[in-house]
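Protein chains: 2
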Amino acid sequence: MAIDDENAAKQPLLTSSLDQKRSSKRRRLRRSRSMPVDLTPLDKTTNNEFIPRALSPFAKVRYNLKRVGLFLIVYLGVGTLCFYLVKDHIRGEKTNGVLDAVYFCVVTMTTVGYGDLVPDSIASKLLACAFVFTGMALIGLILSNSADYLVEKQEFLLVKALHIRQKIGTTEIVKEVEANKVKYKFLVTLILLVVLILVGTVFLSRVEDLDIIDAFYCVCSTITTLGYGDKSFSTRIGRVFAIFWILTSTICLAQFFLYLAELSTESRQQALVKWVLTRKMTSVDLEAADLDENGTVSAAEFIVFKLKEMGKISQEDIELVMEEFEELDIDQSGTISASDLMLAQSSLT
Amino acid sequence: MAIDDENAAKQPLLTSSLDQKRSSKRRRLRRSRSMPVDLTPLDKTTNNEFIPRALSPFAKVRYNLKRVGLFLIVYLGVGTLCFYLVKDHIRGEKTNGVLDAVYFCVVTMTTVGYGDLVPDSIASKLLACAFVFTGMALIGLILSNSADYLVEKQEFLLVKALHIRQKIGTTEIVKEVEANKVKYKFLVTLILLVVLILVGTVFLSRVEDLDIIDAFYCVCSTITTLGYGDKSFSTRIGRVFAIFWILTSTICLAQFFLYLAELSTESRQQALVKWVLTRKMTSVDLEAADLDENGTVSAAEFIVFKLKEMGKISQEDIELVMEEFEELDIDQSGTISASDLMLAQSSLT
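So the protein lines, in turn, are chains A and B.
Here the first sequence is numbered in UniProt numbering, starting from 1 and rising by one per residue.
Here the second sequence is numbered in UniProt numbering, starting from 1 and rising by one per residue.
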């Protein structure tokens, strides 16, 4: 490792004119072998410039998706087993042993809690308490990791469908999606939500024999996890449907609210970014942005100044990195050059 | 405005040596009068360097707190009125007209939905649907704006109590709190949650005459918003208590889960920051960080490079600001200087 770095330090640095600044020269990413294991990338296909691949959001999300899926299966498996074993300590409208156990497990984890089945002994009550807390945590995990990824995959289909007459290419779709990410995710969730509400209402009115208002009322009471319990799924086929539908629709509504919040944050953030970028630069700003106080503002100084104004980075972030910078700037020249790296190397050996 | 800027541009710029870089010279913040109204600061006391006061989180939060408090009062007021007017269309265990209306409103907005009171006509059912959706949005608003602020105010008390024997001063408390913000917020919420669970359990066993297991089961079923409804508040005094206790405890548990998620994100983020800061700088990194390609890395270039590695800023952020930079760099010198500002001024007039 030490020899490696020494060799690297001896390589001549590329010094080209400023006009070539925006040339497409590929900057290689060199990752240290000491990168923490839990930050190690999982995806070999991403090729971001000098961002460590640990940050590749897609790779992380795909890994999380599998993990969360596994958690869900284990949770439902253990839940079903437990509630099946205490099935005689649960009173209410029953259909089939295993089916009721899964149904009760889903109704509990999503905190719908109709009350059509209720625990009726100390053991089953404490079991329900344990499963509702872990269920909440699991739903939170699904919302923070996987739901977003699954919605993201549908964006392309939506944009394609919206532009079906214009016959736009894949590149245009990618661009359009990138520019309006949150908006399209919100739309996808909204469409899915409307479909889930319609399907639920039709199902309840047909299979559970409710009139249309009651069916809609039961749907609303379920997806919001309100679950008064005066109307619920009482038939065998109804409960099979409920297991999948309750899980999907409660998560869908929660995700819908999350995107709504994100949309409002984003529009406020965009207004601030626009204001920061368009407002006139004054000599006072110039002085404030001039980090090395040489009378002029370089590109990097301008970036730090503006991103700080936008609130993307904080003074603490800057100070943390500056400490590291001063340590590396061994010859105190105010810049890090190849000679600093060599000095650092020789002081180690 | 134009004259103002012209005068400012003529002021000589401070050019001092690099050693003075970290001097405590006050950098004035000059805000443009064209700042959008909804980004305008509300707090006159903050004095951050060149961050626009629009971003002062305390000011924003205090304003939001008032707004959210107002929303809550309006929601409960309108809800109570509506459910009082349809009180004959709600069946179940009743105590007092107005009290039941407030209680039903709180049980609905928090999505607890015991089912001890259920709407029994088309009008009351649709009303409940409307109030549960708006209630969810309101709880979301409380969680994203106010709850955090209220918890933050208690941190100091906690740290003070933890160090009561050591008699530490206010400065030390502030430092300790700053360094472990999320951890202390999490602890405050945990303590509050335990207190709320204990108070709820004792109250239910005393006033509602439940045995201790049933009281605890009802508490768990309520704070998680499960609300099976086999045990609930059925006495007059119980419902008065429930109105305040349900609202506080459901929000407290949700906030607890939010801090738990924040803690895990923070520890992962800190591991990444530590890794980025401690790993050795190689000549390849040097080349990648060298934005203006002059062979050396300035402080600002180093900040941009490291913060990008940490994932705090993205390539898109940088490109957006670079566009603005190139527009401002009228003489194409690769830096913005007072002469660029004067050129910009003269081209306008």
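Positions of the beta carbon are idealized from the N, C-alpha and C atoms, including for glycine.
- Interface annotation, serine 146 of chain A: not in contact with chain B, CB-CB separation never under 8 Å.
- Rounded to the nearest angstrom, the Cβ distance from phenylalanine 131 of chain B to glycine 79 of chain B is 6 Å, consistent with a contact under 8 Å.
- Judged by DSSP in its simplified three-state form, glycine 295 of chain B adopts coil rather than helix or strand.
- By the 16-neighbour rule on beta-carbons within 10 angstroms, lysine 274 of chain A is exposed.
- Considered as a whole, the stretch 61 to 110 of chain A harbours 97 to 109 as its complete alpha helix (DSSP H) runs of no fewer than 4 residues, in chain order.
- Counting along the chain, the unbroken alpha helix (DSSP H) around valine 132 of chain A starts and ends at 122 to 141.
- Ile213: these are the residues of the stretch 203 to 215 of chain A whose beta carbon lies less than 7 Å from some beta carbon of chain B, given in chain order.
- If you look at leucine 258 of chain A, you'll find it in the alpha helix (DSSP H) that goes 236 to 278.
- In terms of Cβ geometry, threonine 110 of chain B and isoleucine 246 of chain B form a close pair [threshold 8 Å].
- Secondary structure of valine 304 of chain A (DSSP, three-state): helix.
- Per DSSP, reduced to three states, the secondary structure at valine 118 of chain B is strand.
- For valine 112 of chain B, no alpha helix (DSSP H) segment is defined, and its DSSP state is neither H nor E.
- Contact check for lysine 185 of chain B against glutamate 208 of chain B fails: the beta carbons are separated by 8 Å or more.
- Within chain B, no C-beta atom comes nearer than 8 Å to that of valine 102 of chain A; the closest sits roughly 17 Å away.
- Going by C-alpha positions, valine 304 of chain A is about 12 Å away from methionine 322 of chain A.
- For serine 221 of chain B, the enclosing alpha helix (DSSP H) covers residues 212 to 223.
- Any Cβ of chain A closer than 8 Å to the Cβ of threonine 189 of chain B would place that residue at the interface, and such an atom is absent.
- In this chain, the alpha helix (DSSP H) harbouring leucine 196 of chain B covers 181 to 206.
- For leucine 291 of chain A, the closest Cβ of chain B is nearer than 8 Å.
- Going by beta carbons, threonine 282 of chain A and aspartate 290 of chain A fall outside the 8 Å limit.
- Taking a Cβ-Cβ cut-off of 8 Å, alanine 242 of chain B has no neighbours in chain A, whose nearest Cβ is about 16 Å from it.
- As computed with DSSP, threonine 335 of chain B is found in a beta bridge with A:Ser298.
- At a Cβ-Cβ threshold of 8 Å, leucine 117 of chain A and cysteine 82 of chain A do not count as neighbours.
- Within chain B, Gly113, Gly227 have C-beta atoms less than 7 Å from the C-beta of glycine 227 of chain A, given in sequence order.
- Tyrosine 149 of chain B: member of the alpha helix (DSSP H) spanning 147 to 162, first to last residue.
- With respect to glycine 92 of chain A, tyrosine 84 of chain A sits apart: the two C-beta atoms are not nearer than 8 Å.
- Excluding sequence positions up to five before and after isoleucine 237 of chain A, its CB lies within less than 7 Å of the CB of Val207, all in the same chain and listed in chain order.
- Neighbourhood of glutamate 301 of chain B in chain A, by CB distance below 8 Å: Ser298, Ala300, in chain order.
- Between leucine 253 of chain B and threonine 224 of chain B, the C-beta spacing is below 8 Å.
- By the neighbour-count definition (other C-beta atoms within 10 Å, threshold 16), isoleucine 336 of chain A is a buried residue.
- A residue is called buried when at least 16 other Cβ atoms come within 10 angstroms of its Cβ; alanine 179 of chain B does not meet this threshold and is exposed.
- Judged by pairs of C-beta atoms under 8 Å, the stretch 192 to 203 of chain B does not touch the stretch 187 to 197 of chain A, as fewer than three such pairs exist.
- Look at aspartate 88 of chain A: its C-beta is not under 8 Å from any C-beta on chain B.
- Where phenylalanine 325 of chain A is concerned, the enclosing alpha helix (DSSP H) starts and stops at 315 to 328.
- Per the C-alpha coordinates, the member of A:Lys66, A:Cys105, A:Ile330, A:Gly115 positioned closest to valine 240 of chain A is A:Cys105.
- Nearest in C-alpha terms to valine 182 of chain B, of all of B:Gln270, B:Leu138, B:Asp214, is B:Gln270.
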